[in-house]
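Note sheet for the following structure.
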Amino acid sequence: MTHGATPHHTADVGAVQAPATVAQALRAVAALGLDRLDAQLLLLHALGRPVHERAWLLAHDADALPVDAWTTLSQLSARRVAGEPVAYLLGEKEFHGLALQVDARVLVPRPDTETLVDWALDLLHAQVGPHVLDLGTGSGAIALALQQARPDAQIDAVDASAEALAVARQNGRRLGLPVQFAHADWLEGAAAGYDLIVSNPPYIAAGDSHLPALVHEPASALVSGADGLDDIRRIVHDAPRHLAAGGWLLLEHGHDQADAVRTLLAAHGFADVQSRDDLAGIARCSGGRTMALAGRL
Ligand code: GLN
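Encoded structure:
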């Protein structure tokens, strides 16, 4: 968007008289329908303050609001009301303790996915220098969180979207984490012998009623065929050839797909097949490991 231009969506917001104080600005955007938390985060961003400083807003609610900050806040609020994720408006999302830069080229990392990271870290606990591959890395969230927790791990991450990969690489550089990013379609061209393969692939069914609410995020990161399982089927089919003996495959999936994913894993010879719940108590990830002997043959 051209800086300084008034997007046509902000016509209503622009008509609101500029609020004089921080507290009045919060009330003005709440009246547009923004959640209180969203309003606070966007206001902090508009003021050029770190988004964790919500206490600052309370202590400064009678402060005068600079006109520039109101212009920015009213434009961001209009975009929020139109459904853009707050993370895109802030340009940032916290994931597993990392501040990741995000924009419309990548899926917004979800707290649910921290379940996958924690499970992966548990599995790697006893292993020194494990080799890990993250498929469909998007912003780099999973790979970077694992690398942050395990500096000794050798972590590769791929994405089929060159645009997503640019975001992931930039996050890796900014955070100083040595994940090796590469452009690839799932496991095509991947090495063999990984101790762990992780993925949060697209898993929403093409006709799912949740999709209209997700139009601002890349469809290629969300939708996967008629039942949402096309990409998971491909990964489960191909992963055994790229895993070390006893290596694990962990997948995030939809709230109602755990049975189907465990069945797929078992059908492809995985052992110890199991699922883990997310924060909401929903079986959100499933995984299994290749059998030690089969992997060597
Ligand atoms: N968890 C996301 C959602 O339901 C979907 C992410 C994905 O498809 N991998 O909004």
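Residues in the sequence shown are numbered from 40 upward in steps of one, following our numbering.
Don't be surprised by glycine CBs; every beta carbon is placed ideally from N, CA and C.
On a Cα-Cα basis, can you pick out the residue from the options that is closest to residue i?
i    : options                   : result
D191 : C324, L83, H164 and P279  : H164
L112 : G215, H294 and V68        : V68
T329 : A310, R315 and Q209       : A310
Y117 : D100, E131 and D74        : Looking at the sequence shown, residue 117 is not Tyr but Ala. The option with the nearest alpha carbon to A117 is D74.
V312 : A299, E256 and K132       : A299
V262 : L81, G87, N239 and L282   : N239
Q219 : G177, P105 and A196       : A196
V106 : Q63, L76, G130 and A59    : A59
T110 : H99, H276, E131 and G87   : G87
S178 : D142, L282, R189 and Q166 : D142
L282 : A331, Q296 and R212       : A331
What would DSSP say about residue i, mapped onto helix, strand or coil?
i    : result
Q187 : helix
E131 : strand
A229 : coil
T152 : helix
L318 : coil
H307 : coil
H170 : strand
G334 : Model confidence at G334 stands at a pLDDT of 42, short of 50, so the residue's coordinates are unreliable; what they give is reported in the following sentence. Helix.
A182 : helix
T111 : helix
L250 : helix
V141 : coil
S263 : coil
Q296 : coil
A103 : strand
Q56  : coil
R88  : coil
H276 : helix
Can you check whether the CB of residue j is closer than 9 Å to the CB of residue i?
i    : j    : result
G175 : D270 : yes
A229 : A223 : yes
V120 : G72  : yes
F134 : A203 : no
D173 : I194 : yes
L289 : A159 : yes
H292 : Y242 : yes
V90  : L83  : yes
V61  : D102 : yes
E256 : P124 : yes
D234 : G286 : yes
R144 : V206 : yes
Q140 : Q56  : no
A278 : I321 : no
A260 : L81  : no
A244 : G264 : yes
L183 : L137 : yes
Kindly identify the DSSP beta-bridge partner or partners of residue i.
i    : result
G326 : L289 and Q313
A165 : In the DSSP output, where bridge partners are listed per residue, A165 has none listed.
D198 : H222
L282 : Y233
S238 : L174 and L290
I243 : V262
Q193 : H170
Just to confirm my understanding: we take residue i, look at its own chain, exclude 5 residues before and 5 after, and list those with CB closer than 8 Å. What are they?
i    : result
Q79  : L65, R93 and L96
A305 : V312 and G327
G122 : A252, V254 and H255
L303 : L268, I271, R272 and V275
Q187 : H135, G136, L137, L214 and L216
A319 : D151
Might you give, ordered along the chain, the residues of its own chain that have their beta carbon closer than 6 Å to the beta carbon of residue i, omitting 5 neighbours on each side?
i    : result
E153 : H135
A221 : V197
A199 : D224
Which same chain residues, not among the five before or five after residue i, have their C-beta less than 7 Å away from its C-beta?
i    : result
D317 : D151, T154 and R323
R273 : W225
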